[in-house]
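Same order as they appear, the protein sequences are chains X and L.
Just so we're on the same page, this note's numbering is the position in the first sequence counted from 1, plus 196.
Reminder that position 5 of the second sequence reads as 4 in this note's numbering, one-by-one numbering, no gaps.
C-beta atoms are modelled at their ideal positions from N, C-alpha and C, and glycine is treated no differently.
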Amino acid sequence: MADVNRGNRPLSPHISIYRRQINMVTSIVNRITGVGLALAAVLIVWWLLAASTSAGYFDFVNGLLTSWLGLLIMFGSLWALWFHFLGGIRHIVMDFGKGYELKSVDFWGWAIVVLSFVLTAASIMCLAAG
Amino acid sequence: MSYKTDMGRVIGLGSAKEGSHDWWISRVTSVALIPLMLCFLWKVAPLIGGTHAEVLAAFQSPFTAITTILFIMISFIHLAGGLQEVIVDYVHGKATLVVLLVSTKLLCWGIGFAGAFAVAKMAFGA
Ligand code: HEM
Numbered sequence: 197m198a199d200v201n202r203g204n205r206p207l208s209p210h211i212s213i214y215r216r217q218i219n220m221v222t223s224i225v226n227r228i229t230g231v232g233l234a235l236a237a238v239l240i241v242w243w244l245l246a247a248s249t250s251a252g253y254f255d256f257v258n259g260l261l262t263s264w265l266g267l268l269i270m271f272g273s274l275w276a277l278w279f280h281f282l283g284g285i286r287h288i289v290m291d292f293g294k295g296y297e298l299k300s301v302d303f304w305g306w307a308i309v310v311l312s313f314v315l316t317a318a319s320i321m322c323l324a325a326g
Numbered sequence: 000m001s002y003k004t005d006m007g008r009v010i011g012l013g014s015a016k017e018g019s020h021d022w023w024i025s026r027v028t029s030v031a032l033i034p035l036m037l038c039f040l041w042k043v044a045p046l047i048g049g050t051h052a053e054v055l056a057a058f059q060s061p062f063t064a065i066t067t068i069l070f071i072m073i074s075f076i077h078l079a080g081g082l083q084e085v086i087v088d089y090v091h092g093k094a095t096l097v098v099l100l101v102s103t104k105l106l107c108w109g110i111g112f113a114g115a116f117a118v119a120k121m122a123f124g125a
């Protein structure tokens, strides 16, 4: 029971010599997009508070969010949201014990990267169309 | 030779001390956020860059108002848990850790509530 092989276990390879794999990227990007979305969430709340305060204040914040920097942050956040959304769904699927075969790990790793860009482009087109 | 079991020896030693409850909250909020995010992109995102009158009119719809309030509140609950997970991974000093954990939690609840209030105020037409 206790005290089997303490301190004499194989170690996993150090990150710098580990062969790079797509799931390393999607894992850390999921964390970065999650934290980054905090900024987007705060901006959206500011925009809503402005709208509930007065027309003048709304125009000010609305103008900031649609300035070139504002739009850059908004479109970046849109991509982050899609990526994190897809990664989140994948987490939930994997919680059910599905998708652990090596082929499937690689496939879905790349798939969410590609899909995140496709969905971002598609939603920007929908937004631009009206 | 210790008589403690492997489990007994490690329980409570993780950087967060506990976790299955936080894990569960993370999953429940994630599942809720899937449809709510889609409603937000459908109903609210197009309003960014619109006029003030359009925004006020949009939140007259109970569907838009309710899904937006839920999206904001649940996002911030999810964010509070997510940031906690990130903080316990990278911050080690006990005092810094406690200060950061408490302040992120309070900020998340505060900002989430403020967003929900703003939508409610517009929905009730003031
Ligand atoms: C749109 C629907 C969303 C889904 C399905 C989703 C799903 C998830 C899941 C499953 C995790 C856990 C990942 C893990 O255990 O490593 C997670 C983590 C996280 N999420 Fe979300 N999320 C969503 C939206 C958001 C939003 C809007 C924010 C920000 C306001 C956010 C911020 C975070 C943060 C900060 C983490 C922690 C990242 C980490 O520990 O690596 N998420 N999300």
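Counting only the Cα atoms, SER29(L) lies some 14 Å from PHE292(X).
Under the criterion of beta carbons closer than 8 Å, GLY305(X) and THR249(X) do not qualify as touching, at roughly 44 Å. For ALA234(X), the chain L residues whose C-beta falls within less than 8 Å of its own C-beta are LEU78 and LEU82, listed in chain order.
The way I'd put it, the region 99-117 of chain L does touch the region 229-242 of chain X; three or more beta-carbon pairs between them come closer than 8 Å. Residue side-chain check: PHE256(X) keeps its Cβ at 7 Å or more from all non-hydrogen atoms of ligand 1. Taking CB atoms only, ILE218(X) has no neighbour in chain L less than 8 Å away. Burial check for GLY124(L): the Cβ neighbour count within 10 Å stays below 16, so the residue is exposed. Of all residues in the region 16-34 of chain L, those with a C-beta nearer than 8 Å to a C-beta of chain X are ARG26, SER29, VAL30, LEU32 and ILE33, reading in chain order. Contact of GLY230(X) with chain L by beta-carbon distance below 7 Å involves GLY81. Shortest Cα-Cα distance from ALA117(L) to any of ASP5(L), LEU82(L), PHE62(L) and PHE58(L) involves PHE58(L).
In the three-state reduction of the DSSP assignment, ARG205(X) falls in the coil class.
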